[in-house]
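Mapped onto the numbering used here, the consecutive letters of the sequence shown carry residue numbers 1 to 71. Where is the CB? At the ideal position from N, CA and C, for every residue including glycine. Since the structure comes first, as structure tokens, the remarks are kept for the end.
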Amino acid sequence: MTTVTITTAFITLGQLLKDAGVIDSGGAAKYFLKENTVLVNDEPEDRRGRKLEVGDTVTLPDQTRFTVARA
């Protein structure tokens, strides 16, 4: 599991995907989420603007997992 650290109250799902190198740009998040099943806290999520807070986990189709932590 990879840890993504934030200094703000939340990070959006699209920003997390971009920061983690899964997608090249924020605009690509919409298409990535449309074509792939991404789980947030083990629930399917397709909104790139979904706010992720400390403790949330994101699981990609290849089973790569990210957890959000405070910096």
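Length of the line joining the Cα atoms of residue i and residue j
i: residue 1; j: residue 21; result: 15 angstroms
i: residue 43; j: residue 34; result: 15 angstroms
i: residue 46; j: residue 61; result: 13 angstroms
i: residue 14; j: residue 70; result: 18 angstroms
i: residue 3; j: residue 10; result: 14 angstroms
i: residue 41; j: residue 25; result: 24 angstroms
Bridge partners - residue i, DSSP secondary structure assignment
i: residue 48; result: Per DSSP, none; premise fails for residue 48.
Endpoints, the beta strand (DSSP E) within which residue i is located
i: residue 9; result: Counting along the chain, residue 9 falls outside any beta strand (DSSP E), and DSSP gives it neither H nor E.
i: residue 69; result: 65 to 70
i: residue 159; result: Outside the displayed range of the chain (1 to 71) lies residue 159, so it cannot be described from this structure.
Host alpha helix (DSSP H) of residue i (start-end)
i: residue 16; result: 13 to 19
i: residue 33; result: 28 to 35
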